[in-house]
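Numbered per the working numbering, the sequence shown spans residues 3 to 421.
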Amino acid sequence: MLKAADIFGPEVPSLTQGATREFQCIDEGHYSLTLPQLGVVFSVDRLRRKWDELIGELTVRCDLSGAQTFDGVLSVGDFNLSTQRAREERARYLSSRSKAPDVDWAGLLEEFVQRVLTAERAGQPAVSLRDLPRPSPDDSIDLDGVRIIDKHPMVLFGDGGTFKSYLALYFAGRLSQQGIRAALFDWELSGEDHRDRLERVFGADMPDIPYVRCSRPLVHEVDRLRRVVREQDINYAIFDSIAFACDGAPEAAEVAGRYFQAVRQLGIGSLHVAHVNKSVEGDQKPFGSAFWHNGARSTWNVKQADAVPGTSQINIGLYNRKANLGPLQPAVGFEVGFTADRTTVRRVQVADVADLAGHLSVRQRMAHLLRKGALSPDDVAEEITADPETVRRIARRYKQQFTVVPGGKLALLETRRAS
3 MLKAADIFGP EVPSLTQGAT REFQCIDEGH YSLTLPQLGV VFSVDRLRRK WDELIGELTV
63 RCDLSGAQTF DGVLSVGDFN LSTQRAREER ARYLSSRSKA PDVDWAGLLE EFVQRVLTAE
123 RAGQPAVSLR DLPRPSPDDS IDLDGVRIID KHPMVLFGDG GTFKSYLALY FAGRLSQQGI
183 RAALFDWELS GEDHRDRLER VFGADMPDIP YVRCSRPLVH EVDRLRRVVR EQDINYAIFD
243 SIAFACDGAP EAAEVAGRYF QAVRQLGIGS LHVAHVNKSV EGDQKPFGSA FWHNGARSTW
303 NVKQADAVPG TSQINIGLYN RKANLGPLQP AVGFEVGFTA DRTTVRRVQV ADVADLAGHL
363 SVRQRMAHLL RKGALSPDDV AEEITADPET VRRIARRYKQ QFTVVPGGKL ALLETRRAS
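Right under this line is the structure:
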């Protein structure tokens, strides 16, 4: 191990002999080594590999008398943990700035680097799947019909002007009302804009939503956001939006991969706002690489019905396109009303809104219609604008949902059982 004597000469006493060391992994890619008696702390963050060498941002704090520090920091800057030369140069610099050549800076730095390299090579230990707890109902939250997964990323995507950002902020407020601390990480608007929207929806007694304005790609903001999550005890985050948070073209698979890797470092559930593809089936997946759809555990497409002239309200529908952790959820509708100083949001049945009902499957439209009572297959087909043979085929295929009553009419099986 490299000693201070190797750099400064053989007669250098050391204050570090016998000093207590406290090494810890604060979170993924973030380590620290503390010597309480000396008031010295080494920490490294933003670890990444570059040409097989491990690079990180090394911060050294100390409160030694006479040390040249700024706000308690002796040195901060990128550091190559993989090269001996970088360690020797940084140790000389620390000794010079600290005015404490009797501290074995070279030995401490070498110890810290070796501990970090060992921890990075070891990684997380393997575990038996049998020993892990099963997911519980508490791992998801029902927000007005939308299933929010509290430990995984989900994507809310739609065309421009479909109320996506407003709706995401509304979800953050509703989570807060249920005791889940939700934050908004924003690349698009300003805090003042979101504050105005929040009060419009929730009134003067609006929930406390931590807000972070972001100006760089997520992969460069993640360290700051990770500290915010830790310091503010945040459980869930809204990211608005993916397109502006990318570090490259959204169409590139590696960009989506880096984005989700950064999200995972936060260790919380998250909702990410995105746009739609312009293809024929663009409402099935978010804009860009297929990995935006693949990387999310759940995706919801947002559609807006044509506004009625002379009214101050809109209707929007949410359609679950992907659900990794359970069955696809039924479509959810909202009516949004606007006045001079308030915005109201209330649930509506998607099937009751003509422009939104057309995006439901034939089976979903059949089920909604038959809740009002039994009808003949031809009448059902006429009401939902579908082919009569398609209606009959679906009724035969989904016998656990539909049944034929006397007279040849179709009815919901659950309705028949209830009566």
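We put the CB at the ideal spot given by N, CA and C, even for glycine. Remember, predicted model here, so these are calculated numbers, not experimental data.
query, result
"Can we say the stretch 125-140 touches the stretch 275-289, given the rule of at least three CB pairs closer than 8 Å?", "no"
"Given this structure, state the Cα-to-Cα distance separating Val203 from Val355, to the nearest angstrom.", "23 Å"
"With C-beta atoms as the reference, is Leu371 less than 7 Å away from Glu385?", "yes"
"Indicate the three-state DSSP secondary structure (helix, strand or coil) for Pro379 in the structure shown.", "helix"
"I think Ala170 touches Ile240, with their Cβ atoms under 8 Å apart; what is that distance to the nearest whole Å?", "5 Å"
"For Ala276, report the span of its beta strand (DSSP E) as first-last.", "Gly271 to Ala276"
"Give me the DSSP bridge partner(s) of Gly319.", "Lys305 and Gly335"
"Check whether the stretch 292-312 touches the stretch 192-206, taking contact to mean three or more Cβ pairs, one atom from each stretch, closer than 8 Å.", "no"
"How do the stretch 250-269 and the stretch 283-294 stand: do at least 3 beta-carbon pairs fall below 8 Å, yes or no?", "yes"
"I'd like to confirm the pairing. Which residues does DSSP put opposite Tyr33 in its beta bridges?", "Cys27 and Val46"
"For Asp2, does the three-state DSSP call read helix, strand or coil?", "Residue coverage of the chain in this structure runs from 3 to 421, which leaves residue 2 outside it and unanswerable."
"Judging by CA-CA distance, which residue of Arg395, Ser45 and Arg94 is the nearest neighbour of Val118?", "Ser45"
"DSSP three-state label for Leu191, please.", "coil"
"So, using beta-carbon positions, are Pro390 and Asp381 closer together than 7 Å?", "no"
"Who are Ile57's beta bridge partners in DSSP?", "Arg50 and Asn82"
"For a quick check, are the C-beta atoms of Ala388 and Asp357 less than 7 Å apart?", "no"
"Would you call Val129 buried or exposed, if buried means 16 or more other Cβ atoms sit within 10 Å of its Cβ?", "exposed"
"Residue ranges of each alpha helix (DSSP H) run of no fewer than 4 residues wholly in the stretch 231-274, ordered along the chain?", "244-247 and 255-268"
"Find out if the Cβ-Cβ distance for the pair Lys166, Gly175 is shorter than 7 Å.", "no"
"Could you tell me the distance, in whole angstroms, from the CA atom of Gly410 to the CA atom of Ser378?", "7 Å"
"Would Asp198 pass as a contact of Asp242 if the rule is Cβ separation under 7 Å?", "no"
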